[in-house]
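Take a look at the structure below.
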Ligand SMILES: Nc1ncnc2c1ncn2[C@@H]1O[C@H](COP(=O)(O)OP(=O)(O)OP(=O)(O)O)[C@@H](O)[C@H]1O
Ligand SMILES: [Mg+2]
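Numbering (the numbering used here), first residue to last: 1190 to 1441.
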């Protein structure tokens, strides 16, 4: 079943009097339970694509369908709802530093009013162990967490909404290698036991290849190559994809 379908999505920005086409007629889909990687050099339009899909920004052209329902268009920019959640590069940004970790995680679902406060608290506490946060952290302030811990809290904050699609925009890039590997393990667990579909955005092609089912390579706002993850890494068709792979190979 197709969960997300993106058609000819285009976004332009005005920058210093010039128009930059950050996302240029991209089209792709994500199946239920699938993990799609989006890779490409800095500035190629990955975050803009993610922000358009999660309705943080409005497109200039194109359509976005979630479970067959068109989610863009209309006069106001409406959030998609709890079924589509996003995790960002800097987890501290998704929390109010004055909130406790428990409040921060619960905050994710408060506006949807599906659960009572008591139910939400129970769900949040269950999520502490699922994402690997010590239960005694519940009363700490979110500002007191380390980067890795905060990102685990951000995962819990997304999960409390029971999303069908999770967009991770460079969610592991700011972490050191060891903590990054632990977070990837957590995302793998989500993929395996919750069969959650994901869009995994990174500039690290080998990481995407190890984690994703398919990979889309972006360059200057366009998707230049999309296919099975290992195939894209082993036999890339485009020069730009080859360069991305070269960039992370060990220096000899
Ligand atoms: N709000 C904005 N106003 C003007 N230009 C923008 C804005 N957001 C993005 N851009 C431009 O659009 C292009 C794509 O940016 P985007 O942040 O989507 O790239 P990215 O692939 O996520 O890069 P990175 O890997 O560095 O996160 C860039 O040229 C960027 O400067
Ligand atoms: Mg980005």
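From the three backbone atoms N, C-alpha and C, an ideal C-beta is built for every residue, glycine too.
Quick caveat, the model's predicted, so the values are computed rather than measured.
Contact check, residue i vs residue j, beta carbons under 8 Å
i: residue 1201; j: residue 1209; result: yes
i: residue 1356; j: residue 1404; result: no
i: residue 1251; j: residue 1197; result: yes
i: residue 1290; j: residue 1406; result: no
i: residue 1390; j: residue 1417; result: no
i: residue 1281; j: residue 1346; result: no
i: residue 1273; j: residue 1352; result: yes
Segment limits, beta strand (DSSP E) that includes residue i
i: residue 1327; result: Unbroken run through residue 1327: none, as it is neither H nor E.
i: residue 1295; result: It is not in any beta strand (DSSP E) - residue 1295 instead sits in the alpha helix (DSSP H) that spans 1290 to 1299.
i: residue 1281; result: Element bounds for residue 1281: n/a, residue is neither H nor E.
Buried/exposed call for residue i, threshold 16 Cβ in 10 Å
i: residue 1367; result: exposed
i: residue 1239; result: buried
i: residue 1340; result: buried
i: residue 1248; result: buried
i: residue 1311; result: exposed
i: residue 1437; result: exposed
Enclosing alpha helix (DSSP H) for residue i [first to last residue]
i: residue 1443; result: Residue coverage of the chain in this structure runs from 1190 to 1441, which leaves residue 1443 outside it and unanswerable.
i: residue 1369; result: 1366 to 1383
i: residue 1442; result: Summary: the structure shown does not reach residue 1442, with the chain confined to residues 1190 through 1441, and so no result is reported for it.
i: residue 1311; result: 1306 to 1320
i: residue 1418; result: 1418 to 1423
i: residue 1357; result: No alpha helix (DSSP H) contains residue 1357, which is instead part of the beta strand (DSSP E) from 1354 to 1358.
Residue i - DSSP class collapsed to helix/strand/coil
i: residue 1263; result: coil
i: residue 1414; result: strand
Practice task
Quick one: which unbroken beta strand (DSSP E) runs of 3-plus residues sit fully inside the region 1220 to 1246? Chain order, please.
Solution key: 1224 to 1228
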